[in-house]
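Residue numbers (our numbering), protein chains in the order written: chain A, 592 to 1085; chain B, 560 to 861.
These notes concern the structure reproduced below.
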């Protein structure tokens, strides 16, 4: 298999990393247990496998291993479609926890990504929540601000705040207090199909460098081959949409607020800025003017784009390294001629850095999940077993398990996870992992505001849909969305 | 229409009727047939596609142009779902059993409550009868989702969250009004003289109801049962909200497991959907004549 020009892209990435890191990690880089100021794929490789951790011993110091208790726990789980490797790690995790804490009666409940927030909100209204929950990154501040969560910091479970990305810690802080601990952090990469590029007359090893080039490549692919160029997603109330549109918005210099700035205040709404409109215009050009993205983009999420990519009907998309593992799984389970076809798709997959804006600005959503403990009054039964909850929190956020639970599609929340032998093994086994570790310093956290889920899951997709369906012009859609954000942050509703 | 003499009449007519001349096939008839064929394809093709996808590998299911008939057909998805040794199979079989339990309990309770209630509305005159009759329909005038949070809080107060009882109770609140209306229409069409005759012959009111009215209303009761069963079997949003323990989940919620954040197991999803549709299709096929009869029975007043 030919190697893409990933090395060059990553070297370029490393060159700007220091600047990006200093931008994003503006708070406390000095005491970091992993030196993120040196962050680069090479640095990650150099620290992988350099330290060993004894999870049971470390968590035993927080909650004694013979502790007897009961714990209810909801989390965004992995399911039948996820890579076998990841599912096995989730299974192993709960087996290991039960072996380590045999006297804690654990009732865990896995929920799907799009259901978790709604189900959790409903349960809280009935004071019937679980004792602890693992939420996607944009959920923590909403629930902390409403008073549902207990204060919880890494120090409470034996870790240091410096063991976690400062950007990730922002997502669990509200009014100066900490309400959770990051379990995993992710930044996505740009995936393309080299064979389609070649057939469309593009250099198969050269991804688009800018979002303007994405628009141009997408048009060329569509005009030449009649298939979709870029895998645009614009579905409402699905996390996939902001995860794919916000990098574009930030790259053009726009934003919802000033969240991409070094020290954001979230006071100035920028959705109607010329830069934001330019980003929206790029999506409009692909969907309406060029018709070079799937016509189903308005209802697509990544789970719909992935089969299109695997079928050779979409040439480019923003996604996780887990797509590679999904493809390996599909190939392993295919038989006969399908097996060879699947291998061809794998051979043509290429990963690179997410494109930049016109002025070289590169950005990606600093995503992930955080773990939280609830206040007793919102929990079914009115009691929270704090010792049991801390045991689970310590276990999941440990270097070992925060790495293993993020093995196929993300990165460990606890930075010490990068030092484990499992990280070393992971770097050897997962193709293209360098891309997502290289993208980490470009990560921009979602605004740490209670209204962020509504902005990201409703207003942003609405803006896209208004522009792409022609219900509004690009300018009107951006201005309408900006006004909705102003209304929302001013205390109004949607 | 439903009197015994009338019911006997068609048999006599059939026996004595001479063969009728064949009607000329006109354009309207052909148009009707084509329309019916179109409707058949419209309803059957998704089912066929579901079945075909369920016997493909994950990779084959994502191919375009699609493999109309899989190059490498496999029953792997069904084996996985039905294998109790496999974690997917364990979950699926448990969800299936849970759905069956909830649906059967809902059906039995709906019939037990709706039959006497409808009979009372049909035969008895009591203060507030009209108001009560329309009151049972009040709930059906609002979208079901409006009651989600209030019912959730109610179930929590009753200590029923995470129990199948919460679903059975909820499904009854949705299913009963229509069941009562359906059965009342049915009872209205059973001549009261039949019961009066039974009373004259010495039967008590209950005996007249049990031995005369109930057998005649069997199609209506069966239709009510089918309606309740299908409603409970397919319901998603309340099951997803009231149940949080894996061992309690029902099939519509369990099937969500084939969707992940970034990927979907299409063959597994289609195999599970197909197996989920089997009990309902079988039930409907076996009892459809009663269902149709019950729906049309109350349409004509005597």
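We put the CB at the ideal spot given by N, CA and C, even for glycine.
Item to complete: Let me know if residue 893(A) comes out buried or exposed under the rule of 16 or more other beta-carbons within 10 Å of its beta-carbon.
Response: For the purposes of this step, residue 893(A) is taken as residue 302 along the first chain, with counting starting at 1. Buried: at least 16 other Cβ atoms inside 10 Å.
Item to complete: Note down the Cα distance separating residue 891(A) from residue 821(B), rounded to an integer number of angstroms.
Response: Position 300 of the first chain, counting from 1, holds the residue named residue 891(A). Position 262 of the second chain, counting from 1, holds the residue named residue 821(B). One C-alpha to the other measures close to 11 Å.
Discussion item. Please report the straight-line C-alpha distance between residue 1020(A) and residue 1075(A), rounded to a whole angstrom.
Written reply: By 1-based counting over the first chain, the position of residue 1020(A) is 429. By 1-based counting over the first chain, the position of residue 1075(A) is 484. Rounded to whole angstroms, residue 1020(A) to residue 1075(A) spans 45 Å at the Cα level.
Item to complete: Starting from residue 669(A), find everything on chain B with Cβ-Cβ shorter than 8 Å and list it in chain order.
Response: Residue 669(A) sits at position 78 when you count from the first residue of the first chain. Neighbours of residue 669(A) on chain B, chain order: 819.
Worksheet item: Using the C-alpha atoms, what's the distance from residue 628(A) back to residue 613(A)?
Response: Along the first chain, read from residue 1 onward, the residue named residue 613(A) stands at position 22. Along the first chain, read from residue 1 onward, the residue named residue 628(A) stands at position 37. Confidence in residue 613(A) is poor, its pLDDT being 41 and thus under 50, which makes the residue's placement unreliable; the coordinate value appears in the next sentence. Rounded to whole angstroms, residue 613(A) to residue 628(A) spans 7 Å at the Cα level.
Discussion item. So that I know if they touch, is there some Cβ in chain B lying closer than 8 Å to that of residue 815(A)?
Written reply: For the purposes of this step, residue 815(A) is taken as residue 224 along the first chain, with counting starting at 1. Among the CB atoms of chain B, none fall inside 8 Å of the CB of residue 815(A).
Worksheet item: By Cβ distance, which residues of its chain are closer than 6 Å to residue 838(A), with the 5 residues on each side in sequence left out?
Response: Your numbering for residue 838(A) matches position 247 in the first chain. Around residue 838(A): 945, 954, 955.
Item to complete: Give a yes or no on whether the C-beta atoms belonging to residue 1009(A) and residue 776(A) are separated by under 8 Å.
Response: Position 418 of the first chain holds residue 1009(A). Position 185 of the first chain holds residue 776(A). Going by C-beta atoms, residue 1009(A) is not nearer than 8 Å to residue 776(A).
Worksheet item: Would DSSP call residue 726(B) helix, strand or coil?
Response: Counting from one through the second chain, the residue named residue 726(B) turns up at place 167. In the structure shown, residue 726(B) sits in a helix (DSSP, three-state: H, G or I).
Worksheet item: Counting contacts by CB-CB distance shorter than 8 Å, is residue 704(B) in contact with chain A?
Response: Position 145 of the second chain, counted from the start, is the residue given in the question as residue 704(B). False, the Cβ-Cβ gap to chain A never drops below 8 Å.
Fill in: Alpha-carbon to alpha-carbon, residue 801(A) and residue 791(B)
Start at 1 with the first residue of the second chain, and residue 791(B) comes out as number 232. Start at 1 with the first residue of the first chain, and residue 801(A) comes out as number 210. In this model, residue 791(B) and residue 801(A) are separated by some 52 Å (Cα to Cα).
Worksheet item: According to the neighbour-count rule (16 or more other Cβ atoms, all chains shown, within 10 Å of its Cβ), is residue 1144(A) buried or exposed?
Response: Nothing in the structure corresponds to residue 1144(A), since chain A is present only between 592 and 1085.
Worksheet entry | Residue interval of the beta strand (DSSP E) (run including residue 964(A)) | Taking the first chain and counting its residues from 1, one reaches residue 964(A) at position 373. Segment 958–964, the beta strand (DSSP E) holding residue 964(A).
Worksheet entry | residue 633(B): contacting residues in chain D (beta-carbon distance under 8 Å) | This model lacks chain D altogether; the protein chains it does include are A and B.
Worksheet item: Does the beta carbon of residue 963(A) sit closer than 8 Å to a beta carbon anywhere in chain B?
Response: Looking up residue 963(A) in the first chain gives position 372. It does not: the Cβ of residue 963(A) has no partner Cβ on chain B nearer than 8 Å.
Worksheet item: Checking contacts by CB at 8 Å: is residue 673(A) closer than that to chain B?
Response: Locating residue 673(A) in the first chain gives position 82, counting from the first residue. Yes, because at least one Cβ of chain B sits closer than 8 Å to the Cβ of residue 673(A).
Item to complete: For residue 670(A), name the three-state secondary structure that DSSP assigns.
Response: As a working mapping, residue 670(A) is identified with position 79 in the first chain. Coil.
Discussion item. Would residue 707(B) pass as an interface residue toward chain A - the criterion being a Cβ-Cβ separation below 8 Å?
Written reply: Here the question's residue 707(B) lines up with position 148 in the second chain. Taking Cβ atoms only, chain A reaches closer than 8 Å to residue 707(B), which makes this a yes.
Worksheet item: Can you find at least 3 beta carbon pairs, one from the stretch 648–656 of chain A and one from the stretch 710–718 of chain A, that sit closer than 8 Å?
Response: no
Worksheet item: Are the Cβ atoms of residue 1007(A) and residue 669(A) separated by less than 8 Å?
Response: Here residue 1007(A) corresponds to residue number 416 of the first chain, with the count starting at 1. Here residue 669(A) corresponds to residue number 78 of the first chain, with the count starting at 1. Cβ distance not < 8 Å, so residue 1007(A) and residue 669(A) don't count as in contact.
Practice prompt. Could you have a look at residue 953(A) and say whether DSSP puts it in helix, strand or coil?
Written response: What you label residue 953(A) is simply residue 362 of the first chain in a count that begins at 1. Note: residue 953(A) maps to strand in three-state DSSP.
Worksheet item: How big is the Cα-Cα spacing for residue 1070(A) and residue 841(A)?
Response: As a first step, residue 1070(A) is located in the first chain; it is residue number 479 there, counting from the start. As a first step, residue 841(A) is located in the first chain; it is residue number 250 there, counting from the start. Taking the straight line from one Cα to the other gives about 17 Å.
Worksheet entry | Beta carbon of residue 824(B) nearer than 8 Å to that of residue 817(B) | Residue mapping note: residue 824(B) aligns to position 265 of the second chain, counting from 1. Residue mapping note: residue 817(B) aligns to position 258 of the second chain, counting from 1. Closer than 8 Å, so yes.
Worksheet item: Since residue 784(A) contacts residue 1030(A) with CB under 8 Å, what's their CB separation in whole angstroms?
Response: As a working note, residue 784(A) is residue 193 in the first chain. As a working note, residue 1030(A) is residue 439 in the first chain. About 20 Å; that fails the 8 Å criterion.
Discussion item. Quick check on the DSSP output: what are the complete beta strand (DSSP E) runs of length 3 or more inside the stretch 745–809 of chain A, in order along the chain?
Written reply: 772–777, 780–784
Practice prompt. Return the residue from the list 980(A), 951(A), 936(A), 1066(A) that minimises the CA-CA distance to residue 915(A).
Written response: Looking up residue 915(A) in the first chain gives position 324. Shortest Cα-Cα distance from residue 915(A) to any of 980(A), 951(A), 936(A), 1066(A) involves 936(A).
Item to complete: Could you check what DSSP says for residue 752(B) in three-state terms: helix, strand or coil?
Response: For this step, residue 752(B) is matched to residue 193 along the second chain. Here residue 752(B) sits in helix by DSSP.
Item to complete: Please compile the residues from chain B whose C-beta is within a distance smaller than 8 Å of the C-beta of residue 887(A).
Response: As a first step, residue 887(A) is located in the first chain; it is residue number 296 there, counting from the start. Going along chain B, no residue has its Cβ under 8 Å from residue 887(A), so there is no contact; the nearest lies around 13 Å.
Fill in: DSSP beta-bridge partners of residue 941(A)
For this step, residue 941(A) is matched to residue 350 along the first chain. Answer is 783(A), bridged to residue 941(A).
Worksheet item: Alpha carbon to alpha carbon, how far is residue 685(A) from residue 723(A)?
Response: For the purposes of this step, residue 685(A) is identified with residue 94 of the first chain, where counting begins at 1. For the purposes of this step, residue 723(A) is identified with residue 132 of the first chain, where counting begins at 1. Using only the alpha carbons, I get a separation of about 15 Å.
Worksheet item: Can you list, in chain order, the residues of the stretch 820–844 of chain B whose Cβ is nearer than 7 Å to any Cβ on chain A?
Response: 820, 821, 822, 823, 824, 827
Worksheet item: Between residue 680(B) and the rest of its own chain, which residues show a CB-CB distance below 6 Å, the 5 nearest in sequence each way excluded?
Response: Sequence index remark: in the second chain, residue 680(B) carries index 121 (1-based). Apart from the 5 residues on each side of it in sequence, residue 680(B) sits with its Cβ closer than 6 Å to the Cβ of 692, 743 in its chain, given in chain order.
Worksheet item: If the cut is a Cβ gap below 8 Å, which residues of chain A does residue 616(B) touch?
Response: As a working note, residue 616(B) is residue 57 in the second chain. Correct list: 921, 924, 925, 926, 929.
Worksheet item: Is residue 835(A) helix, strand or coil by DSSP?
Response: Taking the first residue of the first chain as position 1, residue 835(A) is located at position 244. In the structure shown, residue 835(A) sits in a helix (DSSP, three-state: H, G or I).
Discussion item. Judging by CA-CA distance, which residue of 631(A), 997(A), 986(A) is the nearest neighbour of residue 650(A)?
Written reply: Here residue 650(A) refers to the residue found at position 59 when the first chain is read from its first residue. When only C-alpha atoms are compared, the closest one is 986(A).
Worksheet item: When the cut-off is 8 Å and only beta carbons count, does residue 1081(A) lie next to chain B?
Response: Counting from one through the first chain, the residue named residue 1081(A) turns up at place 490. Residue 1081(A) does not count as touching chain B.
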